[in-house]
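As structure tokens, the structure follows; a few thoughts come after it.
There are 2 protein chains.
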Amino acid sequence: MERLPGFRDFYPEPLPTPDAWSAAARQFIFDTWREVARRYGFAEYDGPPLEPTELYTVKSGDEILGQLYNFTDKGERSVALRPEMTPTLARMVAAHERGYKKPVKWFAIPQLFRYERQQKGRLREHFQFNADIIGEADLAADAELIALLIDTLRAFGLTREDFVIRLSSRQAWQEFFSKRCADSAKAYDFFQAVDKLERETPEVSEAKFAALGIAYREVTEFVAASAPTPELEWLLNNLAARGLRDFVRVDYQVIRGLAYYTGPVFEAFDAKGEFRAIAGGGRYDNLVKLISGGKVNLPALGFGMGDVVLLELLKARGKLPSLRRTLDAVVLVEDETLRADSLALVQGLRDAGLAVDFALTPAKPDKQWKRALELGARFTATLAGGAGEQKTVRVKELSTRTETVLDPAAAVAHLKAAGQRAG
Amino acid sequence: MERLPGFRDFYPEPLPTPDAWSAAARQFIFDTWREVARRYGFAEYDGPPLEPTELYTVKSGDEILGQLYNFTDKGERSVALRPEMTPTLARMVAAHERGYKKPVKWFAIPQLFRYERQQKGRLREHFQFNADIIGEADLAADAELIALLIDTLRAFGLTREDFVIRLSSRQAWQEFFSKRCADSAKAYDFFQAVDKLERETPEVSEAKFAALGIAYREVTEFVAASAPTPELEWLLNNLAARGLRDFVRVDYQVIRGLAYYTGPVFEAFDAKGEFRAIAGGGRYDNLVKLISGGKVNLPALGFGMGDVVLLELLKARGKLPSLRRTLDAVVLVEDETLRADSLALVQGLRDAGLAVDFALTPAKPDKQWKRALELGARFTATLAGGAGEQKTVRVKELSTRTETVLDPAAAVAHLKAAGQRAG
Chain E
2 MERLPGFRDF YPEPLPTPDA WSAAARQFIF DTWREVARRY GFAEYDGPPL
52 EPTELYTVKS GDEILGQLYN FTDKGERSVA LRPEMTPTLA RMVAAHERGY
102 KKPVKWFAIP QLFRYERQQK GRLREHFQFN ADIIGEADLA ADAELIALLI
152 DTLRAFGLTR EDFVIRLSSR QAWQEFFSKR CADSAKAYDF FQAVDKLERE
202 TPEVSEAKFA ALGIAYREVT EFVAASAPTP ELEWLLNNLA ARGLRDFVRV
252 DYQVIRGLAY YTGPVFEAFD AKGEFRAIAG GGRYDNLVKL ISGGKVNLPA
302 LGFGMGDVVL LELLKARGKL PSLRRTLDAV VLVEDETLRA DSLALVQGLR
352 DAGLAVDFAL TPAKPDKQWK RALELGARFT ATLAGGAGEQ KTVRVKELST
402 RTETVLDPAA AVAHLKAAGQ RAG
Chain B
2 MERLPGFRDF YPEPLPTPDA WSAAARQFIF DTWREVARRY GFAEYDGPPL
52 EPTELYTVKS GDEILGQLYN FTDKGERSVA LRPEMTPTLA RMVAAHERGY
102 KKPVKWFAIP QLFRYERQQK GRLREHFQFN ADIIGEADLA ADAELIALLI
152 DTLRAFGLTR EDFVIRLSSR QAWQEFFSKR CADSAKAYDF FQAVDKLERE
202 TPEVSEAKFA ALGIAYREVT EFVAASAPTP ELEWLLNNLA ARGLRDFVRV
252 DYQVIRGLAY YTGPVFEAFD AKGEFRAIAG GGRYDNLVKL ISGGKVNLPA
302 LGFGMGDVVL LELLKARGKL PSLRRTLDAV VLVEDETLRA DSLALVQGLR
352 DAGLAVDFAL TPAKPDKQWK RALELGARFT ATLAGGAGEQ KTVRVKELST
402 RTETVLDPAA AVAHLKAAGQ RAG
């Protein structure tokens, strides 16, 4: 039986095939995300992977249905696997708005799902680091969020040579549009056309803008000038105070496709432009009100960073650390009459917090030794001593091949200390 | 808009209402599971939350459909949200059987889904710690797995006074049945009747066994004798060598409802019997062969431990640690002319790995101070110094109210050292 197309299995290291997905790489990415969020004072939350379909259509309209894993459950509810986290966040915050001091700084690492029928071989799920600040209208929140995005990528060892944040303003585009087109219902078509500027031919773009009564040349000139609005200028100064200004470039080609952004928007790209966007986000001041049916009105902003492009980039830039499994010790059972004592030693070492393995069944010493090497053991520990004798433990460090003979309690203490030194 | 019935939102601490689910408690449980798995040399894997429905019906028959979140996707595939992890594990191992040395010791922390229409108020999802050993037929693997289960519960601070492992043997019941009933097709009905012994009246049980031609008295006598089979005796001796014998009690009332167990089976319960089973598992030597369509034949065993009963028990026994959020430092901005310098200080502290927050917008000093206390800050750091002057940082430890005045670089070093001491 096969897994579903577009879904991933995550295997332990070492991977069975080079193209297998690594559970350890995924955990490394999650751990790094959590660590940076902690430094920035963001608290973790999560919601259900299955939500009422309406949570997504209320925001994006029925057009999103074509991309959803949606179905009718046995209770006749229209439900969908979550395609993004922001509606769940807005729902959760609105439900307990009085329970938290504003601004709230929250993050989550949800698995998200999109059913796109046409794209064969493309993934239908990914994990995403979502960080949001809710309840702060001031641009200081935008700066804090962009700083978090930059430091998240820096935490993976990526530098200014590796990535850039392209900063733009939905508001600046809104003003550009309003001056040239009186029909506000067409704004979304305009944003979509701007969003696709980089991916479509000038002819196609020109036709789209012409349909809105807007000259293509004016659009490209606006992009080329890349003159920061006063709010973007303020943001850049705030980031400069943090020493992070050089990671950011004003680029009005970025606009974010989704309808609900209201202020500064941004995307992170690899500097060489080889990959799709690493992350994207912006301010969405009207969404909480929309999701809560008008009950709660809070300004908000956030970004999402997926695990797939990030992992590709880390691999391509050699920034993925060794994910080889290691053990603190392997207990070798060379004398089967000492198996019970060996089990006690294993237990003592594990009780001391050490990662320990051993051959479950009798095996030749050289086979056990080879297995210890394969498992990445730092030490082996081998019991000796006849019946009724005081037992001893031969502790061997594999990197240096140095041996020490100790009584069992001292061996546990010795290995525990070595484990703590290794961190 | 409301979340779906039976699903949970996980909120940051402090919780907005006493009955809200805590994201921090969930993370504490996950971290502890991962930590014990690491000590035992288990490697993490994961699979998709959505699988072909057939993966579950091949093992459990169509009767499981009534409990599944199953639907037809847009590609006309019959799919289901995973109700358990073992079929995915069997599928993954079978797909790359040659890629791993046996036995493999793997664990996962999947979210699992069951749609049970009749049970209002009951959860339809939970998270489960799944640990399995595949490719080892020897009872030594069963002992290792039960030891892991015991040590997982011990890692939460639970003791012999808090929980017990009830150990049984599917094989012993199989033999009991075969001696008394020639129709092997009825074995599953028999196992189901034994499984429900504790939850049904003697009259109901008696009728069920009578229908199979088996005397109820013989069943209860077999349970009461609780004479360990030779294999259970062997297991108990292995656990005794580890010092874990006293956590286990032979109890033939345990049989595990599912059809696919083949050897020793066990369940963990709270000692007072106030909660449902904390965990359960056993040997299932035929499942990998079944799932792989006969291609791969590997003996296997495993257990699952859900997060819901565990959390209830930890709360009831006072074993849940403080999950209050803490920060290493809050930077107070008492002089807005020093905001840019304060941002640099915040950045310096975060670059040093410290968890730091600050007021994004101007606020009165006493309000900032109060917020620092609410956020659980260990230190506050406040810049001082006029334009053109060398800036100083007043570092205050909140627990002792002691103050130190340092230059900014020294303040970062001081707080970094304090953060490392705190671990």
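First to last, the protein sequences are chains E and B.
Everything in the first sequence is counted per the numbering used here, starting at 2 for the first residue and increasing by one.
Everything in the second sequence is counted per the numbering used here, starting at 2 for the first residue and increasing by one.
Even glycine gets a Cβ: it sits at the ideal position worked out from N, Cα and C.
As the structure is a prediction and not an experimental result, all values here were calculated from the model.
{"Query": "Secondary structure of VAL255/E, DSSP reduced to three states", "Result": "coil"}
{"Query": "Limits of the unbroken beta strand (DSSP E) element including SER79/B", "Result": "79–82"}
{"Query": "Boundaries of the beta strand (DSSP E) in which ALA382/B is found, first to last residue", "Result": "378–385"}
{"Query": "Check whether PRO203/B and TYR217/B have beta carbons under 8 Å apart", "Result": "yes"}
{"Query": "8 Å Cβ cutoff, ASN239/B in contact with chain E", "Result": "yes"}
{"Query": "Own chain, CB closer than 8 Å to GLN68/E, minus 5 neighbours either side, in chain order", "Result": "PRO84, ARG115, TYR116 and GLU117"}
{"Query": "Residue nearest to TYR12/E in terms of C-alpha spacing, selected from LEU407/B, ASN238/B, HIS97/B and LYS197/B", "Result": "HIS97/B"}
{"Query": "Residue-level contact to chain E via CB, LEU384/B, 8 Å cutoff", "Result": "no"}
{"Query": "PHE267/B beta carbon less than 8 Å from that of VAL310/B", "Result": "no"}
{"Query": "VAL89/B versus ALA378/E - alpha carbon distance", "Result": "According to the sequence provided, residue 89/B is Thr. The question's Val does not apply to it. One C-alpha to the other measures close to 29 Å."}
{"Query": "Start and end residues, beta strand (DSSP E) containing GLU207/B", "Result": "Per DSSP, GLU207/B belongs to no beta strand (DSSP E); it is in the alpha helix (DSSP H), 203–212."}
{"Query": "8 Å Cβ cutoff, ILE147/E in contact with chain B", "Result": "no"}
{"Query": "Three-state secondary structure assigned by DSSP to VAL297/B", "Result": "coil"}
{"Query": "Within-8 Å CB hit, PHE11/B to chain E", "Result": "yes"}
{"Query": "Reference ALA95/B; option with closest CA among ARG422/B, GLN369/B, VAL396/B and LEU299/B", "Result": "LEU299/B"}
{"Query": "LEU213/B versus GLY136/B: straight-line alpha-carbon distance, rounded", "Result": "35 Å"}
{"Query": "9 Å Cβ cut-off: residues of chain B touching LYS368/E", "Result": "The contacting residues do not exist; LYS368/E stays about 11 Å from chain B at best."}
{"Query": "Cα-Cα separation between ALA21/B and HIS127/E, rounded to whole angstroms", "Result": "27 Å"}
{"Query": "heavy atom of the ligand HEM below 7 Å from ASN238/E C-beta", "Result": "The ligand HEM is absent from the structure shown, which contains no ligands of any kind."}
{"Query": "Start and end residues, beta strand (DSSP E) containing ARG167/B", "Result": "164–170"}
{"Query": "Euclidean distance between Cα positions of LEU376/B and ARG27/B", "Result": "20 Å"}
{"Query": "Entirely enclosed alpha helix (DSSP H) segments - the stretch 256–335 of chain E, minimum 4 residues", "Result": "288–292 and 308–317"}
{"Query": "Ranges of the alpha helix (DSSP H) found wholly within the stretch 6–51 of chain E, counting only runs of at least 4", "Result": "24–40"}
{"Query": "Within-8 Å CB hit, LYS75/E to chain B", "Result": "yes"}
{"Query": "Boundaries (first-last residue) of the alpha helix (DSSP H) holding ILE151/E", "Result": "140–156"}
{"Query": "Neighbour-count burial assignment, SER323/B, 16 or more Cβ in a 10 Å radius", "Result": "exposed"}
{"Query": "Three-state secondary structure assigned by DSSP to ARG395/E", "Result": "strand"}
{"Query": "According to DSSP, residues forming a beta bridge with ILE134/B", "Result": "LYS106/B and LEU302/B"}
{"Query": "DSSP-derived helix/strand/coil call for LEU113/E", "Result": "strand"}
{"Query": "Where the alpha helix (DSSP H) containing ASP190/E begins and where it ends", "Result": "188–196"}
{"Query": "Local Cβ density within 10 Å of ALA272/E, reported as buried at 16 or more and exposed below that", "Result": "exposed"}
{"Query": "Assigned secondary structure, ARG243/E (DSSP; H/G/I helix, E/B strand, else coil)", "Result": "coil"}
{"Query": "Whole-Å CB distance - ASP152/E paired with ARG351/B, under 8 Å assumed", "Result": "7 Å"}
{"Query": "Alpha-carbon spacing of ARG402/E relative to LEU321/E, whole angstroms", "Result": "29 Å"}
{"Query": "Local conformation of HIS97/B per DSSP, three classes", "Result": "coil"}
{"Query": "Residue span of the beta strand (DSSP E) that contains GLU55/E, given as start and end", "Result": "Careful: GLU55/E lies outside any beta strand (DSSP E), inside the alpha helix (DSSP H) at 55–61."}
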